[in-house]
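Below is one structure; the comments refer to it alone.
Shown next as structure tokens:
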């Protein structure tokens with residue numbers, strides 16, 4: 001039978017991915033998820049310009065004012081929101097609020113502080129903190145409007161430009177990302193973060209050599225910028241320079257010994273240089289740091305398989321499916337391992353388990369079709 005999805009060689013995973021841990025933890029914000037805020041006609045409460053609106057709809061996101069920490073809260077729909085004349089949410093209620101609560105909240109919303117007093121100038125929300133929090137909570141498109149509002153106030157805010165560039169880059173809008181990041185570098189040529197993101201643009205557009213130049217510029221400015229080191233290592237790997245990748249993964253590990261990503265990348269670089277024992281130790285270190293790191297568990301299994309140790313490979317793939325059931329390569333490689341040992345029924349069971357977890361998965365369906373074709 002010709003090589004197909006079920007019988008192809010086992011494959012490593014995690015190659016060429018850009019590092020996504022680029023900034024410190026997000027500033028505080030509540031993101032309340034559970035209703036699309038398509039409000040009905042607001043009902044006037046009779047107290048100033050604030051309103052109580054009832055939000056009905058489908059899945060979406062609603063924002064609240066930043067309190068103590070970032071968290072996601074699931075609420076039943078419909079929600080009730082206290083909004084001002086501009087439609088901005090001042091408070092979100094999980095249940096229908098009492099008239100007394102609403103009146104108290106309206107009075108409180110008009111104050112500068114939660115106590116009696118006056119302010120000299122009207123307080124303004126920190127749009128950057130809200131935008132950054134949304135970005136790190138996993139809502140980049142929702143973050144974009146807040147970040148752009150920050151730039152309206154401070155057009156030369158390089159930190160904000162870099163975040164806007166990241167949003168566009170993650171959405172594969174590379175032209176928009178390049179434009180804003182070039183503006184950031186024009187404002188501050190010494191912004192290591194902007195050079196790092198420009199490197200990401202070059203890599204996304206298939207220019208690993210140019211990307212590497214950008215990462216080196218970032219590291220000239222900040223030699224210990226770990227995500228620039230990681231990205232430089234990935235660029236070396238894409239260029240086939242595994243020795244270069246090894247050097248930069250090692251540099252990352254010296255700065256951040258608990259980086260599972262750096263240990264995994266090092267293992268890949270060592271494996272590709274024909275140094276399986278060292279690669280095995282690096283993969284094991286990554287798994288020690290993160291027990292559910294499916295990418296590395298898969299890579300360790302592939303390493304065993306390439307050395308002819310099928311039993312240990314199968315054991316690793318099985319453990320990986322338990323620890324990281326969303327990692328497709330684990331199912332695919334386990335099925336392929338069973339095909340190689342002649343246990344085709346077990347291979348079928350693995351693929352069916354995969355489809356049970358991810359119904360309609362195209363790779364799984366192709367693997368099942370290939371297995372049944374013989």
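In the working numbering, the protein residues as written are 1 to 374.
Even for Gly, the Cβ is constructed at its ideal location relative to N, Cα and C.
Cβ pair residue 181, residue 160 closer than 8 Å: The residue given as residue 181 occupies position 181 in the chain shown. The residue given as residue 160 occupies position 160 in the chain shown. Their beta carbons are not under 8 Å apart, which means residue 181 does not touch residue 160 by this criterion.
When burial is assigned at 16 or more other CB atoms within 10 Å of the CB, is residue 367 buried or exposed? Position 367 of the chain shown, counted from the first residue, corresponds to residue 367. With 16 or more Cβ atoms within 10 Å of its Cβ, residue 367 is classed as buried.
I'd like to check one pair, residue 332 with residue 363: are the Cβ atoms closer than 8 Å? The sequence position of residue 363 within the chain shown is 363, counting from 1. The sequence position of residue 332 within the chain shown is 332, counting from 1. In this structure, residue 332 lies closer than 8 Å to residue 363 by Cβ.
Is it the case that the Cβ atoms of residue 204 and residue 235 are separated by a distance below 8 Å? Taking the first residue of the chain shown as position 1, residue 204 is located at position 204. Taking the first residue of the chain shown as position 1, residue 235 is located at position 235. Against a cut-off of 8 Å, the Cβ pair of residue 235 and residue 204 comes out as no contact.
Report the rounded CA-to-CA distance for residue 302 versus residue 313, giving the unit in angstroms. Taking the first residue of the chain shown as 1, we reach residue 302 at position 302. Taking the first residue of the chain shown as 1, we reach residue 313 at position 313. The alpha-carbon atoms of residue 302 and residue 313 are separated by roughly 6 Å.
Taking the alpha-carbon positions, what's the residue 357 to residue 326 distance? Reading the chain shown from its first residue, position 357 is the one you call residue 357. Reading the chain shown from its first residue, position 326 is the one you call residue 326. If you take the alpha carbons of residue 357 and residue 326, they lie about 8 Å apart.
Where does residue 95 sit, in a helix, a strand or coil, going by DSSP? Residue numbering aside, residue 95 sits at position 95 when the chain shown is read from its first letter. Residue state, collapsed to three classes: coil.
Hey, how far is the Cα of residue 310 from the Cα of residue 304? Walking along the chain shown from the start, residue 310 turns up at place 310. Walking along the chain shown from the start, residue 304 turns up at place 304. Cα to Cα, residue 310 sits roughly 7 Å from residue 304.
Could you check the C-alpha separation between residue 319 and residue 143 for me, to the nearest Å? Taking the first residue of the chain shown as 1, we reach residue 319 at position 319. Taking the first residue of the chain shown as 1, we reach residue 143 at position 143. So the alpha carbons of these two residues sit roughly 37 Å apart.
Residue from 150, 98 and 81 whose Cα sits closest to the Cα of residue 91: Within the chain shown, residue 91 is the residue found at index 91, counting from 1. Of 150, 98 and 81, the residue nearest in Cα terms is 81.
Terminal residues of the beta strand (DSSP E) in which residue 79 lies: Residue 79 sits at position 79 when you count from the first residue of the chain shown. 79–83 is the extent of the beta strand (DSSP E) around residue 79.
Starting from residue 397 and walking both ways along the alpha helix (DSSP H), at which residues does that stretch end? Since the first residue shown for the chain is 1 and the last is 374, residue 397 is missing from the structure and cannot be characterised.
Let me confirm a value: residue 43 is counted as buried when at least 16 other C-beta atoms fall within 10 Å, else exposed. Which label applies? For the purposes of this step, residue 43 is taken as the residue at position 43 of the chain shown. Only weak support is given to the placement of residue 43: the predicted model assigns it a pLDDT of 30, under 50, and the question is left unresolved by the model.
Below 8 Å between beta carbons: does that hold for residue 262 and residue 252? The residue you call residue 262 lines up with position 262 of the chain shown. The residue you call residue 252 lines up with position 252 of the chain shown. Yes, Cβ-Cβ distance for residue 262 and residue 252 is below 8 Å.
Using CA coordinates, which residue listed in 247, 254, 255 and 300 is at the minimum distance from residue 271? Looking up residue 271 in the chain shown gives position 271. Checking every option, the nearest Cα to that of residue 271 belongs to 300.
What residues in its chain sit with their C-beta under 8 Å from that of residue 151, if we drop five residues either side in the sequence? The residue given as residue 151 occupies position 151 in the chain shown. So the list reads 157, 160, 161 and 164, once near-sequence residues are dropped.
How many angstroms separate the CA atom of residue 149 from the CA atom of residue 207? Taking the first residue of the chain shown as position 1, residue 149 is located at position 149. Taking the first residue of the chain shown as position 1, residue 207 is located at position 207. Using only the alpha carbons, I get a separation of about 32 Å.
Could you check what DSSP says for residue 291 in three-state terms: helix, strand or coil? Working through the chain shown from its first residue, we reach residue 291 at position 291. Residue 291 falls in the coil class under three-state DSSP.
Assigned secondary structure, residue 90 (DSSP; H/G/I helix, E/B strand, else coil): Position 90 of the chain shown, counted from the first residue, corresponds to residue 90. DSSP places residue 90 in strand when its eight states are reduced to three.
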